[in-house]
Amino acid sequence: MLIDTHTHTNFKDFKDDYQEVIKRALDNDTWLINVGAQMSTSQRAVKIANEYQEGVFAAVGLHPIHLRDFVVQEDEISYISRAEKFNYEEYKKMAQNEKVVAIGEVGLDYYHLKDRAQEEIDEKKEEEIKEEQKEVFIEQFKLAQELDLPLIIHCRDAHEDLLDILGKLKKDYPNARGVIHCFNKDLETAKKYFALGFMISFTGIVVFAKGFDWIKEIPDDKFMIETDAPYLAPPPHRGERNEPVYVKYIAQKIAEIRGRKFSEIAKITTENARKFYKI
Ligand SMILES: [Zn+2]
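With the first letter of the sequence shown counted as 1, position 60 gets the number 488 in our numbering; the numbers rise by one all the way through.
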């Protein structure tokens, strides 16, 4: 058994065939967690999870890129995704559904600061956006603590600030739990998260990119696997739409790096995910 701990069959990319995609996963003994990125996709993650007896869960949260308007490019059409304000009570209500296993995805994204819609970004503006991301992250961190749920954290070009914030918050909330999703930095940074009691999870990036030998150095109980579908499809499906059942390629690659059997990595990552998300 495998668990795709971070996937988006709740996104538009799967609107016509999410049931087939999920069936393929479940038929292949693969469970999944659909992760929301704003109100609409969080609601949809909850709705889909409730259509299944077993194996399909949801996370709800407001992703940092949805705090501002930004241009989305899709199939040669571009449109503006409108900014959303974080509404604590609305998210709390959604998160109380029994299929919701985490608050996410939330976090900091300094990489996408530049591609805002019709906005000139100078340094002052950049600081303002970063501050706003931090504030909304902290509110969602507190929501997770109130509901005793783990956090699914997105972090792009912002590890220094994220570690700083988590280090401070941990003093008041020693039991806080979370995972840095799509982790692709390095061993040193991973160890800093482990020291704070956080985990990391790996996507197809570790299959198609180089430089992940350090994965053999991390403890068995500190990592999980995910597809982040529809993005980041691993070979042999690179360039196609990704889907939960492809999480096996990530387990395979990690088995190869760690010199272990596929079945052992499947067992370890599944146990980690079941314990972490209480599923
Ligand atoms: Zn994601």
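Positions of the beta carbon are idealized from the N, C-alpha and C atoms, including for glycine. What you are looking at is a predicted structure, and each value in this text was computed from that prediction instead of being measured.
Classification of residue i by the beta-carbon crowding that lies within 10 angstroms, buried from 16 upward
i, result
"I450", "buried"
"K681", "buried"
"K553", "exposed"
"E492", "The question names Glu, yet the displayed sequence has Pro at residue 492. By the 10 Å Cβ count, P492 comes out buried."
"R496", "buried"
"Y446", "buried"
"K676", "buried"
"G639", "exposed"
"K599", "exposed"
"Y674", "buried"
"V635", "buried"
"G489", "buried"
"K527", "buried"
"G532", "buried"
"A637", "exposed"
"Q481", "exposed"
"I662", "Before going further, note that residue 662 is Pro rather than Ile in the sequence given. P662 is buried by the Cβ-count criterion."
"Q568", "buried"
DSSP beta-bridge partners of residue i
i, result
"N462", "T435, A486"
"V500", "Y507"
"R584", "D537"
"M627", "V607"
"L430", "T458"
"F651", "I628"
"L579", "I531, G606"
Contact belief for residue i with residue j at Cβ below 8 Å, rounded distance in angstroms
i, j, result
"K613", "H587", "6 Å"
"V564", "F630", "In fact, because the Cβ distance is near 26 Å, the residues do not count as touching under 8 Å."
"V529", "A465", "Rounded, the Cβ-Cβ distance is 16 Å, inconsistent with contact."
"I685", "D641", "6 Å"
"G632", "T655", "7 Å"
"F498", "S509", "6 Å"
"L708", "A679", "With the chain covering only 429 through 707, there is no way to say anything about residue 708."
"L579", "V534", "6 Å"
"Y538", "K558", "7 Å"
"K570", "L591", "Actually they are not in contact, since the Cβ atoms of K570 and L591 sit about 18 Å apart, beyond 8 Å."
"Q573", "Y601", "5 Å"
Limits of the alpha helix (DSSP H) - the one that residue i falls within
i, result
"F690", "690 to 705"
"F636", "633 to 636"
"A683", "675 to 686"
"Y519", "516 to 523"
"F569", "551 to 574"
"Q709", "A query on residue 709 cannot be resolved here, the shown segment of the chain reaching from 429 to 707 and no further."
Terminal residues of the beta strand (DSSP E) in which residue i lies
i, result
"A530", "528 to 537"
Legend entry - Cβ contact check for the region 435 to 445 and the region 455 to 475: 3 or more pairs under 8 Å: yes
Legend entry - Cβ pair count under 8 Å reaching 3, the region 516 to 525 against the region 466 to 485: yes
Legend entry - At least 3 beta-carbon pairs within less than 8 Å: the region 691 to 702 vs the region 661 to 670: no
Inset, instruction - Flag this pair as touching only if the region 616 to 632 and the region 598 to 608 have three or more C-beta atom pairs under 8 Å; answer yes or no. - result: The region 616 to 632, when compared against the region 598 to 608, does touch it at the 8 Å Cβ threshold.
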